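Q:
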Amino acid sequence: MHYRRILMKLSGGAIAGDAAWGFAPIALNHIADEILGLHQAGVQVGVMVGGGNIFRGELGETWGIERAEADNIGMMATVINSLLLRGVLQARGHAEVRVMTAIPINTVAEPFIRLRAVRHLENQVIVVLAAGTGNPYVTTDYPAVQRALELRADALLAAKNGIDGIYTSDPRYDANTRRYRTVAYDTVIRNDLRALDQSAVLLARDHHLPIHVFDFDAPGAMLQICQGAHVGTRIGEEDALE
Ligand code: UDP
Numbered sequence: 007m008h009y010r011r012i013l014m015k016l017s018g019g020a021i022a023g024d025a026a027w028g029f030a031p032i033a034l035n036h037i038a039d040e041i042l043g044l045h046q047a048g049v050q051v052g053v054m055v056g057g058g059n060i061f062r063g064e065l066g067e068t069w070g071i072e073r074a075e076a077d078n079i080g081m082m083a084t085v086i087n088s089l090l091l092r093g094v095l096q097a098r099g100h101a102e103v104r105v106m107t108a109i110p111i112n113t114v115a116e117p118f119i120r121l122r123a124v125r126h127l128e129n130q131v132i133v134v135l136a137a138g139t140g141n142p143y144v145t146t147d148y149p150a151v152q153r154a155l156e157l158r159a160d161a162l163l164a165a166k167n168g169i170d171g172i173y174t175s176d177p178r179y180d181a182n183t184r185r186y187r188t189v190a191y192d193t194v195i196r197n198d199l200r201a202l203d204q205s206a207v208l209l210a211r212d213h214h215l216p217i218h219v220f221d222f223d224a225p226g227a228m229l230q231i232c233q234g235a236h237v238g239t240r241i242g243e244e245d246a247l248e
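Residue numbers (my numbering): 7 to 248.
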């Protein structure tokens, strides 16, 4: 196996599927099957869960809600998604799953304790990470990189919906755009390629964490990446076009 331990960033959009909000049954089943497929292949899996299908901190402005408070609401949205994901994973497979949250909610989930999370992964337990960092003013992109580093994951796999890689320009508006096979962290930042928040890309760059952006709708994509196949775009040290 090319990657033995990965962290997956699951955006709320991937949970909503084709809808703008909420939970798509088909999407959730697909997410669970992809994660269980990795688990069955022996890959150790952590999942940083987003909340954008329910609430994002930036929405608070609509009602004049202070940003820090709005971000708390966003973090609670990630907790709802995390518990839902645990439920669907357990309904569709026999893997052990633990939700670990950065905001203490002791009766429903474990607190995030780094060494305990590592031990879970070593024991082939799927670790679902809720509430990001537990602090406002970031999305779940930054904590996805942070936790991937803390848990010594080999790579971050970013499951965003409607994206199959990183392009030289926005494919919706530029017919001549080209997809990167690999793209350098600095290119993503300099050209504002918006695959992930810039703060997350900077942290990954400083610690040489590979990030994969790929078509999450394609069954088996994450497993192929873990087996060393080229799928989508890898953010790393150098630029190469398809
Ligand atoms: N959030 C936060 N701190 C964190 C992680 C998330 O405040 O460490 C809040 C923030 O408001 C964010 C929301 O939770 O907008 C939901 O996360 P995100 O936007 O990353 O969801 P996604 O876009 O991945 O669905």
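Even for Gly, the Cβ is constructed at its ideal location relative to N, Cα and C. For clarity, every value in this text was computed on a predicted model and none was experimentally measured.
Just to check, is the beta-carbon of Val94 closer than 7 Å to a non-hydrogen atom of the ligand UDP?
A: It does not: the Cβ of Val94 is nowhere closer than 7 Å to a heavy atom of the ligand UDP.
Q: Tell me the DSSP bridge mates of Asn186?
A: The question names Asn, but residue 186 in the sequence shown is Tyr. Bridge partners of Tyr186: Leu247.
Q: Could you check how far apart the C-beta atoms of Met54 and Thr146 are, in whole angstroms? I think they sit under 8 Å.
A: Correct: roughly 6 Å between the Cβ atoms.
Q: Let me know the secondary structure DSSP gives His36 once reduced to three states.
A: His36 falls in the helix class under three-state DSSP.
Q: Quick one: does the C-beta of Gly18 sit closer than 7 Å to a heavy atom of the ligand UDP?
A: Gly18 Cβ: within cutoff of the ligand UDP.
Q: Looking at Phe118 and Leu90, is the spacing between their C-beta atoms short of 8 Å?
A: Their beta carbons are not under 8 Å apart, which means Leu90 does not touch Phe118 by this criterion.
Q: If you reduce the DSSP assignment to three classes, tell me which class Tyr173 lands in.
A: The answer is strand: DSSP assigns Tyr173 an E or B state.
Q: The beta strand (DSSP E) with Gly242 in it runs from where to where?
A: Where Gly242 is concerned, the enclosing beta strand (DSSP E) stretches over 239-242.
Q: With Leu163 as the anchor, note down where its beta strand (DSSP E) starts and where it stops.
A: Note, Leu163: beta strand (DSSP E), 161-165.
Q: Between Asp245 and Val189, what straight-line distance do the alpha-carbon atoms span, to the nearest angstrom?
A: Going from the Cα of Asp245 to the Cα of Val189 covers about 4 Å.
Q: Report the residue from Arg240, Ala137, Ala97 whose alpha carbon sits nearest the alpha carbon of Leu163.
A: Comparing Cα-Cα distances from Leu163 to each of Arg240, Ala137, Ala97, the minimum goes to Arg240.
Q: Considering only residues of the same chain and omitting the five flanking positions on each side of His45, which have a CB-CB separation below 8 Å?
A: Excluding residues within five positions, the ones whose Cβ falls inside 8 Å are Val51, Gly99, Ala101, Gln130, Ile132.
Q: DSSP has Gln50 in a bridge; who is on the other side?
A: Paired residues: Arg11.
Q: Please specify which runs of the beta strand (DSSP E), each continuous and at least 3 residues long, are wholly inside the segment 119-153, giving them in chain order.
A: With a minimum length of 3 residues, the continuous beta strand (DSSP E) runs that stay inside the segment 119-153 are 132-136.
Q: Thinking C-alpha only, which one of Thr174, Ile195, Arg104 is nearest Glu248?
A: Residue Thr174 is the option with its Cα nearest to Glu248.
Q: Per DSSP, what kind of secondary structure is Glu72 in: helix, strand or coil?
A: If DSSP states are grouped into helix, strand and coil, Glu72 belongs with coil.
Q: Indicate whether Asn78 and Pro142 have their beta-carbon atoms separated by less than 8 Å.
A: Cβ distance < 8 Å, so Asn78 and Pro142 count as in contact.
Q: When the Cβ atoms of the segment 180-187 are set against those of the segment 111-127, are three or more pairs found closer than 8 Å?
A: No: the two stretches stay apart, fewer than three of their Cβ pairs being nearer than 8 Å.
Q: Counting pairs of Cβ atoms below 8 Å between the segment 105-122 and the segment 23-43, do you hit three or more?
A: At 8 Å Cβ cutoff, the stretches do not touch.
Q: Tell me whether Arg62 counts as near the ligand UDP, meaning its Cβ is closer than 7 Å to at least one heavy atom of that ligand.
A: Answer for Arg62: yes, Cβ within range of the ligand UDP.
Q: Hey, out of Leu157, Tyr179, Ala150, Leu155, whose CA is closest to Ala165's CA?
A: Here the closest residue by C-alpha is Ala150.
Q: Using CA coordinates, which residue listed in Leu16, Ser205, Glu64, Met81 is at the minimum distance from Ala108?
A: Considering only alpha carbons, the answer is Met81.
Q: Should Leu162 be listed as close to the ligand FAD, given that the test is whether its C-beta is under 7 Å from any heavy atom?
A: As presented, the structure is devoid of the ligand FAD, carrying the ligand UDP as its sole ligands.
Q: For Ala161 versus His218, is the C-beta spacing smaller than 8 Å?
A: Yes, the Cβ-Cβ distance between Ala161 and His218 is below 8 Å.
Q: Please classify Glu40: is it buried, with 16 or more other beta-carbons within 10 angstroms of its beta-carbon, or exposed?
A: Per the 10 Å Cβ criterion, buried.
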